[in-house]
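Just below is one structure, and these are the notes that go with it.
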Amino acid sequence: MNLDIEKLQQVMDEATSSGEECGCQLAIYQHGKPVLSLVSGYTSAERNEKVTEETMFPIFSCGKSVMATITHILVERGIMDYEARIADYWPEFGCKGKEDIRLWQVMSHRTGLHNLPELDSFDCQGDWEYMCRKMEQAVPAVPPGTKCNYQGTTYAWLLGEPVRRAAGKSMQQLIREEIFRKLEIDDSFAYGTTAEQDRKCARVDATRKPDSWCEKAFESLPIRHGFVPSFNGCANALSLAKYYSALVTETDGVRLLKKETLDKATKLCRHPDDPIPPGGTWAKFGLGYALLGEGDSLGIRFGQGGALGSEGFADRGTGFALAFTKNKDLPEHPRHMIRNRISAVLGLPERIW
């Protein structure tokens with residue numbers, strides 16, 4: 021990997037100064053140590069405040085990875101089991117064709133519950149109990165365990181509620197205790213921001229996408245201040261990269277998962293009748309992580325991209341972890357030219373996710 025800091029900064033500055041992007045951060049860890057942290061641009065479309073290392077960005081689906089890590093930790097401790105039925109932890113869920121859905125099927129996006137139920141309002145997604153009741157009454161759109169269909173929003177409750185039932189603590193509390201506080205990133209990575217964190221948060225720039233779902237979600241206070249871990253995470257790039265680093269190597273004395281757990285979690289989990297399509301797909305999931313690469317290299321790198329174009333991933337072979345955050349919503353998503361240019365400088369394959 022080529023860490024040409026001057027060239028990387030130039031790529032970011034050209035994008036933000038031209039208006040292609042609003043603000044962004046890039047951070048890289050190698051062998052458990054931070055080796056790069058760059059920032060550029062502004063925290064909002066008004067361009068009044070510059071991005072710093074401390075600026076937090078809405079990272080949307082990038083945060084799903086953290087949910088998976090908590091679940092793996094509970095499996096390592098014998099509190100949960102990949103083969104257990106969700107209904108074993110959450111009895112009210114076991115109806116309407118969902119009786120035999122397994123934990124591993126949730127983690128690999130194979131429950132058939134990828135459609136958001138009809139809600140009384142958009143903001144209701146910030147009401148945990150309300151959404152759990154909705155998921156209890158949901159009916160799978162396809163037979164569970166078969167096709168991979170990305171659970172873009174529903175993943176929050178499909179995984180978060182059985183974790184809460186099994187552990188006797190909310191997933192939000194577990195994330196803080198088991199990951200954020202151990203890595204000392206509790207002030208810069210959050211699901212449900214505080215007033216202080218709101219002041220540090222970049223806002224969604226929707227000037228090129230007036231119908232922006234991202235802006236609507238971020239500006240909803242019930243959602244931003246609630247707990248919707250499938251999409252309401254906010255973080256700076258350094259904290260996101262540190263988290264990924266701690267998955268693949270000891271980082272500040274913390275290694276989040278055992279090697280054998282990560283080996284299992286980064287194997288492709290698709291039904292034999294649901295192969296990767298000829299044109300490819302970004303949705304190549306193991307147990308909770310999206311896998312990068314092809315053929316024998318699939319799964320060596322793993323992570324998750326987000327709706328605004330932020331991303332985080334780690335490389336099991338070389339021990340590096342990368343995080344990129346940004347706040348401009350673009351109609352070209354999931355293809356982001358700035359990410360492609362950064363990848364070219366670093367000597368990495370492009371990622372469209």
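Just so it is clear: in the sequence shown, position 14 is 34 by the working numbering, and no numbers are missing.
Glycine is no exception: its CB is placed at the ideal position from the N, C-alpha and C atoms.
So, are the CB atoms of residue i and residue j less than 8 Å apart?
{"i": "residue 125", "j": "residue 172", "result": "no"}
{"i": "residue 118", "j": "residue 182", "result": "no"}
{"i": "residue 329", "j": "residue 350", "result": "yes"}
{"i": "residue 85", "j": "residue 323", "result": "yes"}
{"i": "residue 327", "j": "residue 353", "result": "yes"}
{"i": "residue 93", "j": "residue 198", "result": "yes"}
{"i": "residue 332", "j": "residue 320", "result": "no"}
{"i": "residue 252", "j": "residue 212", "result": "yes"}
{"i": "residue 139", "j": "residue 174", "result": "no"}
{"i": "residue 115", "j": "residue 290", "result": "no"}
{"i": "residue 339", "j": "residue 269", "result": "yes"}
{"i": "residue 131", "j": "residue 256", "result": "no"}
Could you tell me the boundaries of the beta strand (DSSP E) in which residue i lies?
{"i": "residue 42", "result": "Careful: residue 42 lies outside any beta strand (DSSP E) and carries neither H nor E."}
{"i": "residue 346", "result": "340-346"}
{"i": "residue 238", "result": "Where residue 238 is concerned, there is no enclosing beta strand (DSSP E), although the alpha helix (DSSP H) it sits in stretches over 233-239."}
{"i": "residue 59", "result": "53-61"}
{"i": "residue 210", "result": "209-211"}
{"i": "residue 255", "result": "253-255"}
Specify, as a first and last residue, the run of the alpha helix (DSSP H) that residue i falls within.
{"i": "residue 85", "result": "84-96"}
{"i": "residue 218", "result": "215-220"}
{"i": "residue 108", "result": "106-109"}
{"i": "residue 334", "result": "Element bounds for residue 334: not the alpha helix (DSSP H) but the beta strand (DSSP E), 331-335."}
{"i": "residue 194", "result": "191-195"}
{"i": "residue 358", "result": "357-366"}
{"i": "residue 127", "result": "123-127"}
Rounded C-beta distance between residue i and residue j? I'm assuming under 8 Å.
{"i": "residue 312", "j": "residue 21", "result": "Contact doesn't hold; Cβ gap of about 14 Å is too wide."}
{"i": "residue 365", "j": "residue 31", "result": "6 Å"}
{"i": "residue 203", "j": "residue 261", "result": "Not quite, the Cβ-Cβ distance comes to about 11 Å (not below 8 Å), so this is no contact."}
{"i": "residue 347", "j": "residue 228", "result": "Contact doesn't hold; Cβ gap of about 12 Å is too wide."}
{"i": "residue 288", "j": "residue 318", "result": "6 Å"}
{"i": "residue 47", "j": "residue 258", "result": "4 Å"}
{"i": "residue 221", "j": "residue 76", "result": "5 Å"}
{"i": "residue 208", "j": "residue 74", "result": "7 Å"}
{"i": "residue 123", "j": "residue 107", "result": "11 Å between Cβ atoms; not a contact."}
{"i": "residue 362", "j": "residue 28", "result": "6 Å"}
{"i": "residue 210", "j": "residue 217", "result": "5 Å"}
{"i": "residue 112", "j": "residue 156", "result": "5 Å"}
{"i": "residue 277", "j": "residue 89", "result": "7 Å"}
{"i": "residue 23", "j": "residue 58", "result": "Contact flag wrong, Cβ pair sits at about 10 Å."}
{"i": "residue 373", "j": "residue 310", "result": "6 Å"}
Starting from the N-terminal side, write out each stretch of the alpha helix (DSSP H) that is 4 residues or longer and does not extend beyond the region 154-188.
Listed in chain order, they are 175-187.
Do the region 42-56 and the region 253-269 meet, that is, are 3 or more Cβ pairs less than 8 Å apart?
In short, these stretches touch, since the Cβ pair count reaches three.
Do the region 144-160 and the region 84-103 make contact, defined as three or more Cβ pairs closer than 8 Å?
Result no; under three Cβ-Cβ pairs closer than 8 Å.
Length at least 3, wholly inside the region 260-324: the beta strand (DSSP E) runs in chain order:
Qualifying beta strand (DSSP E) stretches, in chain order: 310-312.
Any chance the region 305-321 sits against the region 127-141, with 3 or more Cβ pairs inside 8 Å?
Touching, per the Cβ criterion.
At least 3 beta-carbon pairs within less than 8 Å: the region 60-78 vs the region 38-45:
With a cut-off of 8 Å, the region 38-45 and the region 60-78 count as touching, because enough Cβ pairs lie within range.
Between the region 188-199 and the region 230-245, can you find at least three pairs of beta-carbon atoms closer than 8 Å?
Touching, no.
Are the region 76-94 and the region 290-297 touching, with three or more C-beta to C-beta distances below 8 Å?
With a cut-off of 8 Å, the region 290-297 and the region 76-94 do not count as touching, because too few Cβ pairs lie within range.
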